[in-house]
Structure formats: C-alpha cells, structure tokens
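A short worksheet on the structure shown next.
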Amino acid sequence: SSISDHHDEL
Amino acid sequence: MNIFRLAGDMTHLISVLVLLLKIYATKSCSGISLKTQELYAMVFLARYLDLFSDFISLYNTVMKLVFIGSSLAIVWCMRYHRVVRRSYDRELDTFRYWILVGACFTLALVLHEKFSFQEVFWAFSIYLEAVAILPQLVLLQRSGNVDNLTGQYVFFLGAYRAFYILNWIYRYLTEPRFTRWISCVSGLVQTALYADFFYYYFISWKNNAKLQLPA
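Residue numbers (the working numbering), protein chains in the order written: chain A, 948 to 957; chain B, 333 to 547.
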C-alpha cells in the first residue's frame, strides 16, 4: 500500500 | 504488534472509557478540560486521514474509529448536552490553545517524514498530541481537588504513551533500520509533561489521600 511503514501504529 | 504497544493501546482505551464513565455516570464534566478534548479530536482527525485509504488490520481500523468517535462524542457532550455542559468549568479552562495548534502545524511544515498532505498532517498530530494535555493540567492545578475518575483518566492517558516508548525501544532493538524520531522525541516530551502529575498521583495513592496538585 502507499503508506510509509510508520502508519501501522495508532 | 508487541506487548508494549498492545498495553499502550489498551491503556489509552481505558483512559477513554474512564472519561466516558465519569461523564455518563456523574452527568458532569467538572475538572475536565474541553480544550484538551478538542485538541485530541484534532489529533485523531489529523492522524487517521488514512482511515479509509489504507487498511492495515481490523484492530487498527476499529481502534481508529473508537478514538475518533469517542473524542468527538466527548466534545459534543461537553458543548451541547444540556445537563453535562452546565458543569463545564468555562472560567477555569482558558488555555489559548490556538498558539499550540499554530506552532505544531508550523513545525510539521518544517519537520516531517515526507512533504505530502498526509505526512504533514501526521507529523502535526504527533506534535499536537505531545502538548494536548497542557490545558487539562492547567485546569487541574486551578481547580484544586481532583475527583478520582478525572485523576485516573489523566493517569492512564499519560501512561499509554510511556508504553509506546517501550514499544519503540523494543522495535528499535528487534527490527533492522527501525527509526521513528518524530514519534519518539514527541512521545518523550509528551510523557515528561506528565512527570509532576505522576509524582503527585503516586503521593496521593501512597498516602491514600485525595489528589492535590499545588496551585
């Protein structure tokens, strides 16, 4: 997906 | 996902539930800063712009909806619920938080992972969350005695980011090239702002006394 990896956290 | 992050998310969820309980059970929001609640609503709306565009997991999506929904519901309740709004300490909750919002947004324009709409708003939400508790801490000092649920709310809200710091240390040690300077530095500042609250909270717990913050 387009997001960079740090968006996996809330 | 690691145990520290899960503990952090659960602690954050507990803080939200304690606040909802306080408002629902006592039909009062005395001691709660509407400004901090509004800042948190901005934090979640700015951070979760990817809510519909990127699916990470059911857990991630559900938690984002819970945080956005609860923060908006609490702001609505404190502003418009005919019973709750009467107990809002309007004259004590006077922190001029637009200065914080402007400073955080300016910083996000300068310091971000990537210069894109989503990343600038993400960095803005991280910086804003670090200082979002300030109106609430100022209100606690002004309003003197703090009721138990309010104290517990602030305690869990502060503790959750401390768990996230452990999560970032864990991920730094276990994942190659894991670096999250924006989150880590902001998280440290955010947790440090709670330091004196944690101290007085611990003292009140040890002495089994009411929580009193020095004016």
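Glycine included, every Cβ here is placed at the ideal spot set by N, Cα and C.
*Compare the C-beta of Ile950/A with all C-beta atoms of chain B and state if any pair is closer than 9 Å.*
Low confidence applies here, because Ile950/A scores a pLDDT of 44, under 50, leaving its location unreliable; read the following figure in that light. Yes, its Cβ sits closer than 9 Å to a Cβ of chain B.
*Decide if the segment 389 to 403 of chain B is in contact with the segment 338 to 354 of chain B; the criterion is three or more beta carbon pairs, one per stretch, under 8 Å apart.*
yes
*Pro477/B bridges to which residues according to DSSP?*
Before going further, note that residue 477/B is Asn rather than Pro in the sequence given. DSSP lists Gln544/B as partners of Asn477/B.
*Which residue's Cα is closest to the Cα of Val415/B: Trp513/B, Met374/B, Ile355/B and Asn540/B?*
Ile355/B
*Decide yes or no for the touch test of the segment 478 to 495 of chain B against the segment 442 to 454 of chain B: beta carbon pairs closer than 8 Å, at least 3 of them.*
no
*Listing by chain order, which chain A residues have their CB less than 9 Å from the CB of Lys396/B?*
Leu957
*Does Trp454/B have its Cβ less than 9 Å from a Cβ in chain A?*
yes
*Thinking C-beta only, is Tyr531/B closer than 9 Å to Leu543/B?*
no
*Determine the extent of the alpha helix (DSSP H) in which Glu956/A is found, giving its start and end residues.*
Per DSSP, Glu956/A belongs to no alpha helix (DSSP H) and is neither H nor E.
*Taking only beta-carbon atoms, is Phe336/B less than 9 Å away from chain A?*
no
*At 7 Å on the CB atoms, spell out the chain A contacts of Ile400/B, in chain order.*
Chain A residues near Ile400/B: none, gap ~11 Å exceeds 7 Å.
_Cβ-based burial, Leu471/B [other Cβ within 10 Å; buried from 16]_ = buried
_Within chain A, the residues that Asn392/B reaches when beta carbons sit closer than 8 Å_ = Asp955 and Leu957
*is_contact[Tyr502/B, chain A] using C-beta, thresh 9 Å*: no
*Is Arg493/B helix, strand or coil when you go by DSSP?*
helix
*Helix, strand or coil for Val407/B, going by three-state DSSP, please let me know.*
helix
*Within its chain, find whatever has a CB closer than 8 Å to the CB of Ile400/B; leave out the 5 residues flanking it on each side and keep chain order.*
Ala373, Phe376, Leu377, Tyr380 and Leu383
_Going by beta-carbon coordinates alone, are Leu371/B and Pro467/B separated by less than 9 Å?_
yes
_Through-space distance from Asp421/B to Tyr411/B, alpha-carbon basis_ = Reading the sequence as shown, one finds Arg at residue 411/B and not Tyr. Cα to Cα, Arg411/B sits roughly 11 Å from Asp421/B.
*Expected contact under 8 Å - CB spacing of Lys525/B and Ile465/B to nearest Å*: Just to set this straight, residue 525/B is Leu in the shown sequence, not Lys. Right, the Cβ-Cβ distance comes to about 6 Å (below 8 Å), so this counts as a contact.
_When you compare the CB positions of Asp425/B and Leu366/B, do they come within less than 9 Å of one another, or not?_
yes
*First through last residue of the alpha helix (DSSP H) which encompasses Tyr429/B*: No alpha helix (DSSP H) holds Tyr429/B; DSSP gives it neither H nor E.
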